[in-house]
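Keeping their order, the protein sequence lines are chains A and B. If you count the first sequence from 1, position 66 lands on 66 in our numbering, and the numbers rise without skipping. If you count the second sequence from 1, position 21 lands on 276 in our numbering, and the numbers rise without skipping. Worksheet: the structure to be examined is printed underneath.
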Amino acid sequence: MQRSAIELQKISLTLGNRLVLDDINLNIYEGEFIAILGPNGAGKSTLLKLLLGLYKPTSGKIEILGKQAKKGNNEIGYAPQHRTLEADLALRARDVVGFGLDGNKWGISLPNSSRTKTINTALKEVDMLHLADMSVGKLSGGEQQRLLIAQALLTNPKILLLDEPLSSLDITHAQTIVQLVTNIAKNRNITVLLVTHDINPLLSSVDRVLYMANTHSAIGKPKDVITTKALSKLYGSPVEVINTNGRIFVIGEEN
Amino acid sequence: MFEILQYSFIQNAFIASFFVAIIAAVVGYFLLVRGLTFAGHALSHVGFAGAAGAVLLGVDPIFGLLAFTIISGIGIGMLARVLKERDVTIGIFLTLALAFGILFLFLYQGYAEQAYSILFGTILGISTFNVFVTAIFSSISLLILLFLFRPLLFSSFDPEVAQARGVPVKLLGVVFLIFVAITVSISVQVVGVLLIFTLLVGPAATAMRVVKNPYLTIGLAICLGIAYSWIGIFIAAQTNLPVSFFIASLSFGAYLVVRLKEVIS
């Protein structure tokens with residue numbers, strides 16, 4: 001029997017007057033790689049924020065590795081939806097990664113070799129060590145994404161939450177990020193939840209997909225969840241799923 | 256040429272501007288990375304109303320400056336959550352503050368000199384008492400900012416992750432603006448309300464284009480700030496022209512050189 005990493009029981013969340021999540025029940029196991037899919041506004045990022053303790057559910061219970069969800073949980077690494085960093089941003093790649101190590105501690109960080117070593121190791125893991133002293137604004141979208149992943153890994157989390165790491169990347173770069181995340185997940189044996197719009201780059205990597213729409217969710221193998229029947233039921237309106245050349249397309253989901 | 260350094264008013268000017276330059280560079284760096292330079296500008300105008308109000312009441316302007324800017328800083332900090340509307344609201348508020356400043360000065364009916372010194376600074380006339388006030392506020396602010404340094408930096412660049420990691424992002428935002436308010440208040444004495452950017456944003460903006468390491472950037476900004484102020488005071492004392500003109504020109508000149516160098520390379 002696998003141990004549960006994330007457990008949601010009867011979770012509902014209302015933000016303002018809007019019911020975002022309604023009676024969500026989930027069990028995600030340690031070491032699983034989960035892709036989170038669904039239309040805009042379905043609550044994908046909101047779900048991550050619930051796990052991080054940034055939102056409190058209106059009702060229901062969330063357990064992270066057997067403990068209640070809370071802010072400042074070092075067992076979760078988080079890379080939020082990526083903003084294009086300003087070209088002039090006055091930081092080096094290693095500074096961004098360093099935030100993950102001690103950005104939340106008071107005081108200043110004095111130069112010390114073990115800190116530098118930890119940061120270098122993290123940069124190496126995402127293959128960014130050669131760009132460590134580069135200004136962040138000069139890095140490409142894919143390189144910036146690697147940095148955010150390295151930053152999220154610095155506390156040696158058991159769970160990694162990545163919000164849209166593949167958006168604004170072309171297919172080749174998306175593939176390399178997926179490969180990177182897959183390797184990290186395997187080497188460190190951590191649970192990964194990755195929010196994405198397109199399941200195709202992830203098809204061979206994910207264990208299960210979590211599909212969110214219309215305040216509800218469905219979880220399972222891609223071939224069971226991403227079907228015309230299952231998605232139409234989830235959306236409450238007709239949705240068509242087309243399988244072609246080993247790729248999956250969902251038609252009519254944003255309407 | 257160097258004998259002017261023996262005069263106590265020159266020494267006072269050097270000491271006060273030293274402390275102001277340090278805190279202004281640190282606060283200016285964070286203003287830039289947080290995209291809050293406009294709030295800094297607004298606070299200086301609010302400071303004008305505060306200083307003029309204090310003059311009207313017969314109190315030292317520095318206390319009017321501190322009171323008005325700190326209260327407004329907290330206000331802006333609370334407001335900053337609604338980012339989209341922020342600058343418009345700040346803009347409307349700052350014009351009101353200026354209007355009050357004019358009213359207070361009108362009611363005071365004293366020398367135009369007072370208005371002039373608030374607008375453009377009077378570092379060469381700074382009293383020993385104000386040198387002490389400046390040194391104390393600057394040192395305490397610096398110590399607290401050093402303590403807040405890492406979470407403040409983290410939350411400036413990446414508020415979402417910082418919050419997830421347990422950094423009190425919103426509270427830090429408000430606390431930071433209190434230090435902006437203090438810095439603006441003591442900087443007004445050196446360069447005046449209208450030229451506050453020269454010490455607040457100039458050194459940090461230039462330093463940021465030269466180095467990328469946050470610590471080195473701030474260190475360089477401090478050095479630049481002190482250099483602009485001291486050279487400015489020195490030339491002004493030799494020529495009898497306004498100090499703030501020289502400080503602003505040096506600040507602008509250095510920024511221009513750095514930008515031009517970027518364009519060429």
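Beta carbons: idealized from backbone N, C-alpha and C, even for Gly. If you're wondering where the values come from, they're calculated on a predicted model, not measured in any experiment.
Cβ of residue i within 8 Å of any chain B Cβ
i	result
SER12(A)	no
ILE199(A)	no
LYS71(A)	yes
TYR78(A)	yes
SER114(A)	no
ASN255(A)	Low local confidence applies: a pLDDT of 47 at ASN255(A) is under 50, so the model's placement there is unreliable, with the coordinate-based value given in what follows. No - not a single Cβ of chain B is within 8 Å of the one on ASN255(A).
Interface residues of chain E facing residue i [CB-CB closer than 7 Å]
i	result
LYS467(B)	Among the chains of the structure shown, chain E does not appear; the protein chains present are A and B.
Contact with chain A by residue i, beta-carbon distance below 8 Å
i	result
ARG289(B)	no
ILE519(B)	no
MET521(B)	An answer regarding residue 521(B) cannot be provided, because it is not within the stretch 256 to 520 covered by chain B.
GLY421(B)	yes
GLU415(B)	yes
THR292(B)	no
LEU244(B)	Only positions 256 to 520 of chain B appear in the structure, and residue 244(B) is not among them; the question remains open.
VAL513(B)	no
ASP342(B)	no
Residue i vs residue j beta-carbon contact at 8 Å
i	j	result
PRO201(A)	ASN74(A)	no
GLU415(B)	PRO80(A)	yes
LEU311(B)	TYR371(B)	no
VAL96(A)	VAL136(A)	yes
THR383(B)	ASN267(B)	yes
LEU123(A)	ALA150(A)	yes
THR472(B)	TYR284(B)	yes
ALA297(B)	LEU374(B)	no
ILE477(B)	ALA280(B)	yes
ALA271(B)	PHE303(B)	no
LYS71(A)	ALA417(B)	no
GLY60(A)	TYR211(A)	no
ILE441(B)	THR389(B)	yes
LEU50(A)	ASN25(A)	no
GLY262(A)	LEU147(A)	Missing from the structure shown is residue 262(A); chain A here goes from 1 to 255 and no further.
GLN238(A)	GLY252(A)	It is worth fixing the name first, because residue 238(A) is Pro in this sequence and not Gln. Result yes, Cβ atoms of PRO238(A) and GLY252(A) sit closer than 8 Å.
TYR587(B)	ALA460(B)	Summary: the structure shown does not reach residue 587(B), with chain B confined to residues 256 through 520, and so no result is reported for it.
ILE34(A)	ASP207(A)	yes
ILE278(B)	SER393(B)	yes
GLY376(B)	VAL314(B)	no
Neighbouring residues, chain A, relative to residue i (Cβ below 9 Å)
i	result
GLY313(B)	None at all; the shortest Cβ gap to chain A is about 42 Å.
PRO406(B)	GLY103, ASN104, LYS105, TRP106
LEU401(B)	GLY107, ILE108
Proximal residues of chain A, C-beta to C-beta of residue i below 7 Å
i	result
PHE500(B)	What PHE500(B) touches in chain A: nothing, since even the nearest Cβ is about 28 Å away.
Partners in chain B for residue i, counting only beta-carbon separations shorter than 9 Å
i	result
LEU54(A)	GLU415, GLN418, ALA419
PHE99(A)	ARG405, LEU408, PHE409, PHE412, ASP413, VAL416, ALA417, ARG420
ASP95(A)	LEU408, PHE412, LYS467, ASN468, PRO469
Listed by chain order, chain B residues near residue i by CB distance under 8 Å
i	result
SER109(A)	ARG405
Within chain A, the residues that residue i reaches when beta carbons sit closer than 8 Å
i	result
THR472(B)	ALA90
Considering only residues of the stretch 428-467 of chain B, which uninterrupted alpha helix (DSSP H) runs meet the minimum length of 4 residues and lie entirely inside it, listed in chain order?
-> Whole alpha helix (DSSP H) segments, 4+ residues: 452-455, 457-465.
Counting only runs that start and end within the stretch 285-343 of chain B, where is the alpha helix (DSSP H) found for 4 or more residues in a row?
-> Counting whole runs of 4 or more residues, the stretch 285-343 of chain B contains the alpha helix (DSSP H) stretches 292-312, 316-334.
Three-pair Cβ contact test at 8 Å for the stretch 300-317 of chain B versus the stretch 347-359 of chain B | Counting Cβ pairs under 8 Å, three or more are found: they touch.
Are at least three pairs of beta-carbons, each pair with one atom in the stretch 282-292 of chain B and one in the stretch 402-418 of chain B, less than 8 Å apart?
-> Cβ pair count under 8 Å is three or more, so yes.
Every unbroken beta strand (DSSP E) inside the stretch 178-234 of chain A [3 residues or more] = Entirely contained in the stretch 178-234 of chain A, the beta strand (DSSP E) runs reaching 3 residues are, in chain order, 191-195, 208-213, 216-220.
Segment contact, 8 Å Cβ cut-off, at least three pairs: the stretch 322-335 of chain B with the stretch 468-487 of chain B = Segments in contact, no.
Touch check for the stretch 395-408 of chain B and the stretch 323-331 of chain B: three-plus C-beta pairs under 8 Å?
-> The stretch 395-408 of chain B vs the stretch 323-331 of chain B: no contact.
Every unbroken alpha helix (DSSP H) inside the stretch 127-175 of chain A [4 residues or more] = Counting only runs of 4 or more, we get 141-153.
Does the stretch 207-226 of chain A touch the stretch 12-24 of chain A, meaning 3 or more C-beta pairs lie closer than 8 Å?
-> For the pair of segments examined, the stretch 12-24 of chain A was found to touch the stretch 207-226 of chain A: the number of CB pairs separated by less than 8 Å reaches three.
Does the stretch 61-78 of chain A touch the stretch 36-46 of chain A, meaning 3 or more C-beta pairs lie closer than 8 Å?
-> Segments in contact, no.
Any contact of the stretch 48-57 of chain A with the stretch 10-17 of chain A, i.e. 3+ C-beta pairs under 8 Å?
-> With three or more CB-CB distances shorter than 8 Å, the stretch 48-57 of chain A counts as touching the stretch 10-17 of chain A.
Sequence ranges, alpha helix (DSSP H) only - wholly within the stretch 77-113 of chain A, length at least 4 | Qualifying alpha helix (DSSP H) stretches, in chain order: 93-102.
Taking 8 Å as the threshold, find out whether the stretch 169-179 of chain A comes into contact with the stretch 127-144 of chain A through three or more Cβ pairs.
-> Touching, yes.
Would you mind listing the beta strand (DSSP E) stretches within the stretch 469-507 of chain B that are 3+ residues and don't spill past its ends, in chain order?
-> Within the stretch 469-507 of chain B, complete beta strand (DSSP E) segments of at least 3 residues are not found at all.
Beta strand (DSSP E) runs wholly inside the stretch 3-42 of chain A, at least 3 long, in chain order | As far as the stretch 3-42 of chain A is concerned, its whole beta strand (DSSP E) runs of at least 3 residues are 4-15, 18-29, 33-37.
For the stretch 389-421 of chain B, list the beta strand (DSSP E) runs that are entirely contained and at least 3 residues long, ordered along the chain.
-> None, since the stretch 389-421 of chain B contains no complete beta strand (DSSP E) of that length.
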